[in-house]
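Novice: Those protein sequences? They're chains A and B, same order as listed. What the first sequence shows, in this note's numbering, is residues 688 to 928, in sequence order. What the second sequence shows, in this note's numbering, is residues 688 to 928, in sequence order. Where is the CB? At the ideal position from N, CA and C, for every residue including glycine. Quick caveat, the model's predicted, so the values are computed rather than measured. Please see the structure below; I have some questions.
Number of protein chains: 2
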Amino acid sequence: MTVSKDVSGGVALWRRIADAIRLDIVGGKLASGDRLPTEALLAERFSANRHTVRRALAVLAEEGVVGAEQGRGTFVRSARRLSYPIGRRTRFREGLKGQAASLVSHSLSHRIENATAAVAAALGLKPGAKVVRTEGLSIADGRPISRSTTWLPYRLFPDFAERIARLQSTTAVFASYGIADYARASTRISARHADVEETKLLGLAPGAILLVSEAVDVDSEGIPISYALSRFPAERMELVV
Amino acid sequence: MTVSKDVSGGVALWRRIADAIRLDIVGGKLASGDRLPTEALLAERFSANRHTVRRALAVLAEEGVVGAEQGRGTFVRSARRLSYPIGRRTRFREGLKGQAASLVSHSLSHRIENATAAVAAALGLKPGAKVVRTEGLSIADGRPISRSTTWLPYRLFPDFAERIARLQSTTAVFASYGIADYARASTRISARHADVEETKLLGLAPGAILLVSEAVDVDSEGIPISYALSRFPAERMELVV
DNA sequence: TCGATTTGTCTAATAGACTAGACAATTAAT
DNA sequence: ATTAATTGTCTAGTCTATTAGACAAATCGA
Numbered sequence: 688m689t690v691s692k693d694v695s696g697g698v699a700l701w702r703r704i705a706d707a708i709r710l711d712i713v714g715g716k717l718a719s720g721d722r723l724p725t726e727a728l729l730a731e732r733f734s735a736n737r738h739t740v741r742r743a744l745a746v747l748a749e750e751g752v753v754g755a756e757q758g759r760g761t762f763v764r765s766a767r768r769l770s771y772p773i774g775r776r777t778r779f780r781e782g783l784k785g786q787a788a789s790l791v792s793h794s795l796s797h798r799i800e801n802a803t804a805a806v807a808a809a810l811g812l813k814p815g816a817k818v819v820r821t822e823g824l825s826i827a828d829g830r831p832i833s834r835s836t837t838w839l840p841y842r843l844f845p846d847f848a849e850r851i852a853r854l855q856s857t858t859a860v861f862a863s864y865g866i867a868d869y870a871r872a873s874t875r876i877s878a879r880h881a882d883v884e885e886t887k888l889l890g891l892a893p894g895a896i897l898l899v900s901e902a903v904d905v906d907s908e909g910i911p912i913s914y915a916l917s918r919f920p921a922e923r924m925e926l927v928v
Numbered sequence: 688m689t690v691s692k693d694v695s696g697g698v699a700l701w702r703r704i705a706d707a708i709r710l711d712i713v714g715g716k717l718a719s720g721d722r723l724p725t726e727a728l729l730a731e732r733f734s735a736n737r738h739t740v741r742r743a744l745a746v747l748a749e750e751g752v753v754g755a756e757q758g759r760g761t762f763v764r765s766a767r768r769l770s771y772p773i774g775r776r777t778r779f780r781e782g783l784k785g786q787a788a789s790l791v792s793h794s795l796s797h798r799i800e801n802a803t804a805a806v807a808a809a810l811g812l813k814p815g816a817k818v819v820r821t822e823g824l825s826i827a828d829g830r831p832i833s834r835s836t837t838w839l840p841y842r843l844f845p846d847f848a849e850r851i852a853r854l855q856s857t858t859a860v861f862a863s864y865g866i867a868d869y870a871r872a873s874t875r876i877s878a879r880h881a882d883v884e885e886t887k888l889l890g891l892a893p894g895a896i897l898l899v900s901e902a903v904d905v906d907s908e909g910i911p912i913s914y915a916l917s918r919f920p921a922e923r924m925e926l927v928v
């Protein structure tokens with residue numbers, strides 16, 4: 688819970704204060720129901736004006752992370768970050784089971800396209816080969832937790848799009864194609880700011896941080912069956928290897 | 688290379704533009720030596736003023752990512768993000784071998800302290816147990832790539848600090864204690880903005896994004912030997928599982 | 001050499017970020 | 001009922017971010 692003023696680096700002070708407080712909450716230093724330090728104390732701690740702190744708190748209040756009560760103080764409302772386990776056997780829905788009461792996956796759109804160099808390399812295809820591309824959004828307990836783009840070889844899964852829209856689960860669709868088991872071949876993890884579309888779809892404040900995972904799944908014979916580019920809001924999710 | 692203006696979310700437009708361009712570079716869309724679009728084109732693409740784009744480019748120039756040449760254009764100078772492989776057998780120096788010509792690790796400070804609840808839980812100790820805490824900084828080819836804090840059971844490694852300062856490598860120090868082999872038990876990965884100290888030590892623009900990894904290593908019998916909290920600049924490193 | 005293209009520098013105006021101070025409204029303890 | 005502590009609201013001033021326009025300086029090809 689420390690932040691400096693001096694050189695802003697293009698990130699507003701109220702934003703950095705909000706991030707710092709949110710970090711203390713999702714990181715477990717402040718539990719649900721806890722009272723935050725008073726605005727005056729926070730202002731002192733961050734070497735900022737009380738109004739600046741109030742702006743940070745207003746943002747967190749809008750996110751539902753804290754709630755202010757006049758005369759009493761400001762309290763932590765929600766907390767907890769979801770953990771997505773990644774390993775050789777990685778299954779999105781299974782991995783989050785028990786952490787959220789509801790988990791809904793939406794299929795936003797899909798199309799057949801020619802593989803770019805990156806997609807072809809990931810799937811072991813020739814550049815330009817036909818691939819199915821689907822855009823998805825997953826929501827846990829009403830809060831969006833991932834925005835994903837998945838590419839699959841068209842030759843193997845010509846009507847993947849229709850099936851994913853019906854079955855909701857990637858694992859179930861693979862099973863419907865006769866793929867009983869599959870494994871994670873590689874996962875690359877990076878981080879960046881959310882862009883406009885992601886900001887909207889994931890319900891984030893502009894400039895929010897995303898964890899980005901690029902994953903290749905292979906069938907039991909080691910043949911690549913999907914390449915997924917998933918974006919997780921860093922404030923709601925963490926990845927566990 | 689798209690960014691919106693409207694609601695800033697507390698992140699300045701020049702900063703978002705710089706991030707977007709840097710992403711295209713470290714992500715491989717722009718190769719070393721490539722010429723960037725002209726300032727006028729970039730301004731149009733980002734719906735921003737040319738001066739705002741210039742500010743973004745100035746930041747990237749200071750980072751050494753691009754270089755402007757009057758009358759000619761602006762060119763990509765460096766590119767490439769380092770990949771740190773994470774698995775059951777994770778070794779920092781080995782993992783980066785071949786990706787950087789030089790890799791120097793500094794031991795910043797160390798002290799004996801009592802384990803907090805989180806540290807104790809990670810190391811399987813009782814809260815308050817004595818632990819060795821060391822602060823480190825790793826630099827590849829002159830660019831800082833990680834800032835780490837490591838906790839180890841004092842009982843097992845009473846003079847770890849002296850040895851790490853001498854041997855530079857964690858693996859070597861463990862070997863000096865008779866631990867021939869060790870394995871990664873778990874890695875938690877999250878992301879957040881850098882704080883002031885990190886910004887300074889890692890030579891980042893304030894507000895830069897960090898990949899944060901919390902790792903527990905265990906010896907061949909499964910006993911936890913170290914808990915490391917490492918922060919990697921997302922613009923210079925990616926984690927590969 | 002000339003003209004087009006591109007980066008570099010300067011001035012100026014507007015909107016947002018941050019600070020500062022004062023006071024109202026609500027709560028809880030005495 | 002009084003008082004202290006805390007959040008809510010208002011005004012105002014300073015500094016930064018962003019836009020806008022104009023022109024200089026360097027490069028490159030015709």
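What does the alpha-carbon distance come out to for the pair residue 865/A and residue 919/A?
Specialist: Roughly 30 Å separates the two Cα atoms.
Novice: Which of the three DSSP states, helix, strand or coil, is assigned to residue 897/B?
Specialist: Residue state, collapsed to three classes: strand.
Novice: Going by beta-carbon coordinates alone, are residue 839/B and residue 910/B separated by less than 8 Å?
Specialist: Not closer than 8 Å, so no.
Novice: Would you mind working out which of 721/B, 824/B, 832/B, 776/B sits nearest residue 928/A, comparing C-alpha positions?
Specialist: Here the closest residue by C-alpha is 776/B.
Novice: Who are residue 800/B's beta bridge partners in DSSP?
Specialist: 818/B.
Novice: Taking the beta strand (DSSP E) that residue 839/A belongs to, which residues open and close that run?
Specialist: It spans 830-840 - the beta strand (DSSP E) in which residue 839/A sits, taken as one unbroken run.
Novice: In chain order, what are the residue ranges of uninterrupted alpha helix (DSSP H) at least 4 long that sit wholly in the stretch 723-771 of chain A?
Specialist: Segments of the alpha helix (DSSP H) lying fully in the stretch 723-771 of chain A: 726-732, 737-750.
Novice: Looking at chain B, which residues of the stretch 694-709 of chain A have a Cβ within less than 8 Å of any of its Cβ atoms?
Specialist: Against chain B - using a Cβ distance shorter than 8 Å - the residues of the stretch 694-709 of chain A are 694, 695, 696, 697, 698, 699, 701, 702, 703, 705, 706, 707.
Novice: Within the chosen definition, does the stretch 884-900 of chain B reach the stretch 711-723 of chain B through at least 3 CB pairs nearer than 8 Å?
Specialist: Verdict: no, contact absent.
Novice: Taking all protein chains shown into account, do 16 or more other C-beta atoms lie within 10 angstroms of the C-beta of residue 1000/B, making it buried, or fewer, making it exposed?
Specialist: Examination of residue 1000/B is not possible in this model, given that chain B is present from 688 through 928 alone.
Novice: Is the CB-CB distance between residue 789/B and residue 822/B below 8 Å?
Specialist: In this structure, residue 822/B does not lie closer than 8 Å to residue 789/B by Cβ.
Novice: Helix, strand or coil: how does DSSP classify residue 905/B here?
Specialist: Three-state DSSP puts residue 905/B in a strand.
Novice: Could you please give the first and the last residue of the uninterrupted alpha helix (DSSP H) stretch that includes residue 698/B?
Specialist: Residue 698/B -> no alpha helix (DSSP H), and no H or E assigned at all.
Novice: With 7 Å as the C-beta to C-beta threshold (strictly closer), list the residues of the stretch 766-782 of chain A near chain B in chain order.
Specialist: Taking 7 Å as the Cβ-Cβ cut-off against chain B, the residues of the stretch 766-782 of chain A that qualify are 773.
Novice: Following the continuous alpha helix (DSSP H) through residue 879/B, name the residue where it begins and the one where it ends.
Specialist: Element bounds for residue 879/B: not the alpha helix (DSSP H) but the beta strand (DSSP E), 869-880.
Novice: Cβ atoms of residue 925/A and residue 794/A: under 8 Å apart, would you say?
Specialist: The answer is no: Cβ separation not under 8 Å.
Novice: Let me know the secondary structure DSSP gives residue 704/B once reduced to three states.
Specialist: Residue 704/B falls in the helix class under three-state DSSP.
Novice: How about residue 753/A and residue 763/A: do their beta carbons lie closer than 8 Å?
Specialist: Taking 8 Å as the Cβ cut-off, residue 753/A and residue 763/A qualify as a contacting pair.
Novice: Smallest Cα separation from residue 759/A: which of 857/A, 853/A, 725/A?
Specialist: The candidate whose alpha carbon is nearest that of residue 759/A is 725/A.
Novice: Which one or two residues does DSSP pair with residue 914/B in a beta bridge?
Specialist: Answer by DSSP bridge pairing, in chain order: 838/B, 903/B.
Novice: I'd like to know whether the C-beta of residue 925/B is nearer than 8 Å to at least one C-beta of chain A.
Specialist: So, interface residue.
Novice: Using DSSP's beta-bridge definition, name the partner residues of residue 919/A.
Specialist: Note: residue 919/A sits in a beta bridge opposite 898/A.
Novice: Is it buried or exposed for residue 799/A, if we count other Cβ within 10 angstroms and need 16 for buried?
Specialist: Under this definition residue 799/A is an exposed residue.
Novice: Alpha carbon to alpha carbon, how far is residue 813/B from residue 853/A?
Specialist: Rounded to whole angstroms, residue 813/B to residue 853/A spans 50 Å at the Cα level.
Novice: Roughly how far, in whole angstroms, is the beta-carbon of residue 892/A from the beta-carbon of residue 894/B, given that I think they are within contact range, below 8 Å?
Specialist: Contact flag wrong, Cβ pair sits at about 14 Å.
Novice: Distance cutoff 8 Å, beta carbons only. Does residue 918/B sit that close to anything in chain A?
Specialist: Output row for residue 918/B: interface = no.
Novice: Any beta carbon from chain A within less than 8 Å of residue 874/B's own beta carbon?
Specialist: By this cut-off, residue 874/B is an interface position.
Novice: Along the chain, where does the alpha helix (DSSP H) that runs through residue 783/B open and close?
Specialist: Where residue 783/B is concerned, the enclosing alpha helix (DSSP H) stretches over 779-783.
Novice: Between which two residues does the alpha helix (DSSP H) holding residue 888/A run?
Specialist: Residue 888/A -> alpha helix (DSSP H) spans 883-888.
Novice: Report the residue from 835/A, 842/A, 877/A whose alpha carbon sits nearest the alpha carbon of residue 857/A.
Specialist: Answer by Cα proximity: 835/A.
Novice: Using CA coordinates, which residue listed in 801/B, 827/B, 825/B, 806/B is at the minimum distance from residue 815/B?
Specialist: Checking every option, the nearest Cα to that of residue 815/B belongs to 801/B.
Novice: Between which residues of its own chain and residue 830/A is the CB-CB distance below 8 Å, once the five residues before and five after are set aside?
Specialist: Excluding residues within five positions, the ones whose Cβ falls inside 8 Å are 890, 923.
Novice: From residue 875/A to residue 772/A, what distance separates their C-alpha atoms?
Specialist: Each residue's alpha carbon lies about 14 Å from the other.
Novice: Could you check how far apart the C-beta atoms of residue 774/B and residue 871/B are, in whole angstroms? I think they sit under 8 Å.
Specialist: Indeed they touch by this definition, with Cβ atoms about 7 Å apart.
Novice: Could you tell me if residue 749/B is buried or exposed, where buried requires 16 or more neighbouring beta carbons within 10 angstroms of its beta carbon?
Specialist: Counting Cβ neighbours within 10 Å, residue 749/B comes out exposed, since fewer than 16 surround it.
Novice: Between residue 741/B and chain A, is there a C-beta pair that is closer than 8 Å?
Specialist: Answer no: the Cβ-Cβ gap between residue 741/B and chain A never drops below 8 Å.
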